[in-house]
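All remarks here apply to the structure that follows.
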Amino acid sequence: MKKNIVLTKLQSGFSLVELMVAMLVSLFLTAGIFSMFTMSSTNVTTTSQFNQLQESGRIGLALMQRDVSQLGFMADMTGTDFVLGVNTQVNALAIAAGNDCIGGGANNATFPNNQAAHFRRLWGYESGVGGQSLACLSGVLPNTDVLQIKRLIGPSVVAAALNSSRYYMATTANQAVIFAGDQPAPALPNARIWEYQHHVYFIENDNGVPVLMRRTLGRGGMKSSTSYEQLVEGVENMRIMYGFDSDGNNTADSFMPAQNVTSLMWDNEVFQRLVAIRIYLLVRSIEEDPSYTNNVTYTLGDKQIVAGGDGFRRKVVMTTVVLENPVLI
Numbered sequence: 079m080k081k082n083i084v085l086t087k088l089q090s091g092f093s094l095v096e097l098m099v100a101m102l103v104s105l106f107l108t109a110g111i112f113s114m115f116t117m118s119s120t121n122v123t124t125t126s127q128f129n130q131l132q133e134s135g136r137i138g139l140a141l142m143q144r145d146v147s148q149l150g151f152m153a154d155m156t157g158t159d160f161v162l163g164v165n166t167q168v169n170a171l172a173i174a175a176g177n178d179c180i181g182g183g184a185n186n187a188t189f190p191n192n193q194a195a196h197f198r199r200l201w202g203y204e205s206g207v208g209g210q211s212l213a214c215l216s217g218v219l220p221n222t223d224v225l226q227i228k229r230l231i232g233p234s235v236v237a238a239a240l241n242s243s244r245y246y247m248a249t250t251a252n253q254a255v256i257f258a259g260d261q262p263a264p265a266l267p268n269a270r271i272w273e274y275q276h277h278v279y280f281i282e283n284d285n286g287v288p289v290l291m292r293r294t295l296g297r298g299g300m301k302s303s304t305s306y307e308q309l310v311e312g313v314e315n316m317r318i319m320y321g322f323d324s325d326g327n328n329t330a331d332s333f334m335p336a337q338n339v340t341s342l343m344w345d346n347e348v349f350q351r352l353v354a355i356r357i358y359l360l361v362r363s364i365e366e367d368p369s370y371t372n373n374v375t376y377t378l379g380d381k382q383i384v385a386g387g388d389g390f391r392r393k394v395v396m397t398t399v400v401l402e403n404p405v406l407i
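Residue numbering for the sequence shown follows the numbering used here, beginning at 79 and increasing consecutively.
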């Protein structure tokens, strides 16, 4: 007689040791994945901020370089001094001093005056250093440079295309007439008409973010609300170095900051021609990165700036602009 034997399959699970090993392995895997995610996120932030710094610096330099390269362009009067009552006439109503940007020197307002000094087409200073300033500016960041430029903007225009909110200059080879766009064009034989522009570059804070600014001449002066142009966010400092040629070979023999440029040099009264301008911009990221500490020392020409341990990434961009137009001597 056969006996029925029932085989029962035993159900077995993980032991406590196996569970602990599995949990430990899972913990290491999770930590590795989290670490990779964190590193990837940090790399994305770093790359994004460096790209932003590069692009902001490129735009800032491009805007200034185009303006500075045409410094001294006065059409047919390029390389000639403006002398009121002799070769220059101002038909436009005088800009009140409170609405103008008047720089240092005897003849450094928007329009030429009748004082016995060259009309300054270029002038600059470092905010808070040396006592120089432009009264038309407020809120300029201390220890940042300010640069003002006066020039004509091409191409020439016809009388029918004048903008009433701008100023213009009609020029021949030996005569210049400055007038406002809402005035009739001067009856100057064989003259061409050009827009006249006075720009001031500076840096100020906008809700905690440093910004490269430009003040632009408009009808009535440079203190209207529409005269402010916000060019590039994140530009924290600007340094301008002026290159002078002292041996007549049209190459800068030395570059110096504004405080080292004498009044005679601004007025081109000594045998030192301004032939180049070197522009340094210190660009800062808009937002701080809490995982980053910046203790880098940045060099802008003759000055050094220490980051001071904050979380902002920075980059120095620089360009040298060779001046294309002849400078008065």
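Note that the Cβ used here is the ideal one computed from N, Cα and C, for glycine as well.
Query, Result
"Which value, in whole angstroms, describes the spacing of the CA atoms of G217 and L105?", "54 Å"
"Going by the DSSP bridge assignment, what does A41 pair with across the sheet?", "Not covered by the structure: residue 41. The range shown for the chain is 79 to 407."
"For the candidate residues V207, S324, S303, R136, whose alpha-carbon lies nearest to that of F349?", "S324"
"Check each candidate in G387, T304, N252, G389 and name the one with the smallest Cα separation from N165.", "N252"
"Answer with buried or exposed for A330, where buried requires no fewer than 16 other C-beta atoms within 10 angstroms of its C-beta.", "buried"
"Looking at the structure shown, is Q127 part of a helix, part of a strand, or coil, going by DSSP?", "helix"
"Going by beta carbon distance, what residues of the same chain come within less than 8 Å of P368, once the five residues before and after it are set aside?", "G389"
"Buried or exposed for M142, please, with buried defined as at least 16 other CB atoms from any protein chain shown within 10 angstroms of its CB.", "buried"
"Answer yes or no: do D178 and R317 have a C-beta to C-beta separation smaller than 8 Å?", "no"
"What's the gap between the Cα of Q226 and the Cα of G299?", "14 Å"
"Can you give me the start and stop residues for the beta strand (DSSP E) that M396 sits inside?", "392-400"
"Taking the straight line between their C-alpha atoms, what separation do you get for T397 and F280?", "17 Å"
"Cα separation between A100 and S93?", "11 Å"
"Short of 8 Å in beta carbon distance, which residues of its chain neighbour G296, apart from the five on each side in sequence? Order them along the chain.", "S243, R244, S302, T304, S305"
"Determine the direct distance from the alpha carbon of N186 to that of Q127, and round the result to whole angstroms.", "40 Å"
"According to DSSP, is G232 part of a helix, a strand, or is it coil?", "strand"
"For T371 versus G387, is the C-beta spacing smaller than 8 Å?", "yes"
"In angstroms with no decimal places, state the Cα-to-Cα distance between L240 and E366.", "46 Å"
"For the alpha helix (DSSP H) holding M343, just list the boundary residues, first then last.", "341-344"
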